[in-house]
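Trainee: In our numbering, the protein residues as written are 618 to 1347.
Each residue gets a CB set at the ideal place from its N, CA and C atoms; glycine is no exception.
Since we're looking at a predicted model, the values are computed, not measured.
Have a look at the structure that comes next, please.
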């Protein structure tokens, strides 16, 4: 009896959600049963009461409990279908409520409902699940009211019998009326009565003749069969060409080449989450801010607390408390997202006690990218555990920035490896620039490369110009064939190859990867910036895409024109808010933790998304590259070869200066004729910027045309208008 009252008391606490125990008990039931927890608890309480006080009733009505179970299972099917979520998503919703100690989300019928509903939905579809639920309810009704169906059957038979009797009476009445009419007609017509049976026979024999006869289906079958036979014949050339490629027996790398990373158990974060919720609410209260933690989402490296502010509270007050919250939580650093996009909540992101590493193999398997989209790449894991992918063809160019140790190079290797695992050498080509000479050298000699990895910054500027030339050639080709982009051109090539014995090669996609943009900008900023801007403006339709990476996202490396033409950005941990604003146009990257923690801002979103990048070891990269090299050798394209460069060539890279500047001769002649030389004069006459005019003046001095600068005294021209050398003494 004591157990009975204790059980009823616990059920009462759970139903009323009284205190921590009541909320915990209710959420545990929700974990299993979902939003049917209230109904379940009430049914359990009712059965307990009946089993104690009305045992005889249960013995006499043994079918009640099975009927209740069937009814409840049917409700579980319906509630889980209404949730539109699978087992994983259902668990995350319930777990977020359980860890937060609140009841917020509609969670269907819990884990049990998801386990029984998802297979049924896969086997019988959503409509089939509804039908199963309806059948269960009908069976439950039959069990609870056993006399109902026999009575319904008897009632139906009685109704049918009455209907037949009424119909027979109506038929007899009609026959009687017809008979009376015929008798009256007999009296009027002086003919033998034997005509009446003939009239009746004619009526009865005409009825079958007037029944509609279905038209034979043979003509339709004759018309349909040729159509069914022609379809495979029409599809054969297309399917044959779709499977055709120019790579022989080349095989794509398999996922087995990548090592598995052990999954980290984060169950220990639950206590930290509960502790932090109390600290957050107490800290807000101490500063006079009304706020409640609505939910907490545990991610691989951080936990995001979604906070509901009281009406009238300024969001800026919460943002300004970031340092105070970090002090109260004893956290390394926190990031405040105010507000969360699409929600009337403020997000506070706090680092976890232990970081759960995300393996590249795990991310690749869970990402499920489309094999036909060669540049669709899994990037990282979001807070809710989902894998975020991006399609480089839609970006269409990507800017990656992060300080040393932030995970930038690992992310670039992950992008390259993802493409190598999906694309044949004839489908995607790479042009890689690696001034540091250590990051991308492992990819040398793979068949996907247009030229060997470029390590000389001066050669890199020429290689980028070669890509610009290739882009212009492709546009001329598109204009000649009347297409707008590379997809339209390749479709025409496929049609031509299907209809002609002569085969044309499809144009491959080209991905330009620059591992350290800052080194290029130091040596040849003008040429590199011009090439990047040209490619950023026009290269998408030509099938050329750029990935630019740098450790120093300052304004002298990432200029405004580069940012305008490379709209998609990834920011890893940087040293200051200024660098974060340079790459993302907003603060936040300076708060990242490093080791793959990133903010991803694609072209189609206004706010960056926080992701945990996947770890890809050097051994995994080496395994994939070795697998590719063993199958095919590199065949470099000489049209992209930058050639040899003169290392002693004059020029700083800030502009195209020195004796190779096309304006040098004009500047020389102008100075000699005017017999005056100044930087301002060159700016006005040649309409160039100060840097270029200053470089031209330095070159004139180096060539002996003008003398050195002497403070505010104008430079002396050392060559007369007749071309004679005057010298400084005259």
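Leaving out the 5 sequence neighbours to the left and right, which residues in its chain are closer than 8 Å to residue 1360 when beta-carbon positions are compared?
Mentor: Residue 1360 is absent from the model: the chain starts at 618 and stops at 1347.
Trainee: By DSSP, does residue 1008 sit in helix, in strand, or in coil?
Mentor: Within the chain shown, numbered from 1, the residue matching residue 1008 stands at position 391. DSSP places residue 1008 in strand when its eight states are reduced to three.
Trainee: Would you mind reading off the limits of the alpha helix (DSSP H) that contains residue 1111?
Mentor: By 1-based counting over the chain shown, the position of residue 1111 is 494. 1103–1116 is the extent of the alpha helix (DSSP H) around residue 1111.
Trainee: Please state whether the Cβ-Cβ distance between residue 968 and residue 933 is less than 8 Å.
Mentor: Reading the chain shown from its first residue, position 351 is the one you call residue 968. Reading the chain shown from its first residue, position 316 is the one you call residue 933. No, these two residues do not count as a Cβ contact at 8 Å.
Trainee: What would DSSP say about residue 892, mapped onto helix, strand or coil?
Mentor: Numbered from its first residue, the chain shown carries residue 892 at position 275. Of the three classes helix, strand and coil, the one that applies to residue 892 here is helix, per DSSP.
Trainee: For residue 858, which residues in the same chain have their Cβ closer than 8 Å to its Cβ, ignoring the five residues on either side in sequence?
Mentor: As a first step, residue 858 is located in the chain shown; it is residue number 241 there, counting from the start. Confidence is the limiting factor: at residue 858 the pLDDT is only 31, short of 50, which leaves the residue's position unreliable and the question unanswerable from this model.
Trainee: Please return the same chain residues whose Cβ sits closer than 6 Å to the Cβ of residue 1136, not counting the five positions on each side in sequence.
Mentor: Locating residue 1136 in the chain shown gives position 519, where the first residue counts as 1. Excluding sequence neighbours, residue 1136 sits near 1052 and 1074.
Trainee: Could you name the residues of the same chain whose beta carbon sits closer than 7 Å to that of residue 628, not counting the 5 residues immediately before and after it, in chain order?
Mentor: Along the chain shown, one-based indexing puts residue 628 at 11. Only 658, 661 and 662 meet the Cβ criterion.
Trainee: For the pair the segment 1009–1017 and the segment 1058–1068, tell me if three or more CB-CB distances fall below 8 Å.
Mentor: Counting Cβ pairs under 8 Å, fewer than three are found: no touch.
Trainee: For residue 659, list the residues DSSP reports as bridge partners.
Mentor: By 1-based counting over the chain shown, the position of residue 659 is 42. Looking at the DSSP assignment, residue 659 forms no beta bridge with any residue, so it has no partner.
Trainee: Please confirm if the segment 1027–1037 is in contact with the segment 992–1004, defined as three or more CB-CB distances below 8 Å between the two stretches.
Mentor: Segments in contact, yes.
Trainee: Does the structure place the segment 888–897 close enough to the segment 1181–1191 that three or more beta carbon pairs sit under 8 Å?
Mentor: Contact between the segment 1181–1191 and the segment 888–897 is absent, because fewer than three Cβ pairs lie under 8 Å.
Trainee: Within 10 Å of its beta-carbon, does residue 635 have 16 or more other beta-carbons around it, so buried, or fewer, so exposed?
Mentor: Taking the first residue of the chain shown as 1, we reach residue 635 at position 18. By the neighbour-count rule (16 or more Cβ atoms within 10 Å), residue 635 is not buried but exposed.
Trainee: Please report the distance separating the alpha-carbon of residue 1335 from that of residue 1149.
Mentor: As a working mapping, residue 1335 is identified with position 718 in the chain shown. As a working mapping, residue 1149 is identified with position 532 in the chain shown. Rounded to the nearest angstrom, the two C-alpha atoms are 41 Å apart.
Trainee: Is the distance from the Cβ of residue 687 to the Cβ of residue 739 below 8 Å?
Mentor: Residue 687 sits at position 70 when you count from the first residue of the chain shown. Residue 739 sits at position 122 when you count from the first residue of the chain shown. In this structure, residue 739 does not lie closer than 8 Å to residue 687 by Cβ.
Trainee: Count the other CB atoms, across all protein chains shown, that sit within 10 Å of the CB of residue 904; report buried if there are 16 or more and exposed otherwise.
Mentor: Within the chain shown, the letter at position 287 stands for residue 904. When all chains shown are included, residue 904 counts as exposed.
Trainee: Would residue 965 and residue 922 qualify as a contact pair, given that the criterion is a beta-carbon distance under 8 Å?
Mentor: To locate residue 965, count along the chain shown from 1; it is residue 348. To locate residue 922, count along the chain shown from 1; it is residue 305. For residue 965 and residue 922, yes; Cβs fall inside 8 Å.
Trainee: Look at the alpha carbon of residue 1213 and the alpha carbon of residue 1098, and state the distance between them as a whole number of angstroms.
Mentor: In the chain shown, counting from the first residue as 1, residue 1213 sits at position 596. In the chain shown, counting from the first residue as 1, residue 1098 sits at position 481. Between residue 1213 and residue 1098, the C-alpha separation is close to 45 Å.
Trainee: Where does residue 998 land, buried or exposed, given buried means 16+ other C-beta within 10 angstroms?
Mentor: Your numbering for residue 998 matches position 381 in the chain shown. Buried, because 16 or more other Cβ atoms sit within 10 Å of the Cβ of residue 998.
Trainee: Cα separation between residue 928 and residue 938?
Mentor: Locating residue 928 in the chain shown gives position 311, where the first residue counts as 1. Locating residue 938 in the chain shown gives position 321, where the first residue counts as 1. Their backbone Cα atoms lie some 18 Å apart in a straight line.
Trainee: At a cut of 8 Å, does the segment 878–887 reach the segment 1243–1257 through at least three beta carbon pairs?
Mentor: Taking 8 Å as the limit for Cβ pairs, the verdict is that the segment 1243–1257 does not touch the segment 878–887.
Trainee: Could you tell me how far apart the beta carbons of residue 1076 and residue 1259 are, in whole angstroms, since I believe they sit closer than 8 Å?
Mentor: As a working note, residue 1076 is residue 459 in the chain shown. As a working note, residue 1259 is residue 642 in the chain shown. Yes, they are in contact, since the Cβ atoms of residue 1076 and residue 1259 sit about 4 Å apart, within 8 Å.
Trainee: State the DSSP-derived secondary structure class of residue 968, mapped to helix, strand or coil.
Mentor: Taking the chain shown and counting its residues from 1, one reaches residue 968 at position 351. Residue 968: strand per DSSP, three-state reduction.
Trainee: Give the single residue among 870, 1101, 1308 and 620 whose Cα lies nearest to the Cα of residue 1039.
Mentor: By one-based count along the chain shown, residue 1039 stands at place 422. Taking only the C-alpha atoms, the option nearest residue 1039 is 870.
Trainee: Go through its chain and collect everything with a Cβ distance to residue 637's Cβ below 6 Å, but skip five positions before and after it.
Mentor: Along the chain shown, read from residue 1 onward, the residue named residue 637 stands at position 20. So no residue of the chain qualifies.
Trainee: So residue 1036 packs on residue 1128, CB below 8 Å; how close in whole Å?
Mentor: For the purposes of this step, residue 1036 is taken as residue 419 along the chain shown, with counting starting at 1. For the purposes of this step, residue 1128 is taken as residue 511 along the chain shown, with counting starting at 1. 7 Å between Cβ atoms; contact.
Trainee: Return helix, strand or coil for residue 954, following the three-state DSSP convention.
Mentor: For this step, residue 954 is matched to residue 337 along the chain shown. The answer is strand: DSSP assigns residue 954 an E or B state.
Trainee: Hey, residue 625 and residue 655 are a contact pair by Cβ (cut 8 Å); roughly how many whole angstroms apart?
Mentor: Stepping through the chain shown from its first residue, residue 625 is reached at position 8. Stepping through the chain shown from its first residue, residue 655 is reached at position 38. That pair is no contact at about 15 Å.
Trainee: With H, G and I counted as helix, E and B as strand and the rest as coil, what does DSSP make of residue 688?
Mentor: Indexing the chain shown from 1 puts residue 688 at position 71. Helix at residue 688.
Trainee: What do you get for residue 1237, buried or exposed, if any count of 16 or more other CB atoms within 10 angstroms of its CB means buried?
Mentor: One-based indexing of the chain shown puts residue 1237 at position 620. Buried, since its Cβ has 16 or more Cβ neighbours within 10 Å.
Trainee: What are the residues that DSSP puts in a beta bridge with residue 1163?
Mentor: Position 546 of the chain shown, counted from the first residue, corresponds to residue 1163. Residue 1163 pairs with 1129.
Trainee: Taking Cβ positions, are residue 1004 and residue 984 nearer each other than 8 Å?
Mentor: Here residue 1004 refers to the residue found at position 387 of the chain shown. Here residue 984 refers to the residue found at position 367 of the chain shown. Contact: yes.
Trainee: Alpha carbons only, please: which of 1310, 1339, 1343 and 1294 is nearest the one belonging to residue 1327?
Mentor: Here the question's residue 1327 lines up with position 710 in the chain shown. Cα-wise, what sits closest to residue 1327 is 1294.
Trainee: Give the single residue among 940, 1173, 1066 and 1019 whose Cα lies nearest to the Cα of residue 1242.
Mentor: Taking the chain shown and counting its residues from 1, one reaches residue 1242 at position 625. Among 940, 1173, 1066 and 1019, the Cα nearest to that of residue 1242 is on 1066.
Trainee: If you run the structure through DSSP and keep just helix, strand and coil, what is residue 1136?
Mentor: For this step, residue 1136 is matched to residue 519 along the chain shown. Helix, per DSSP.
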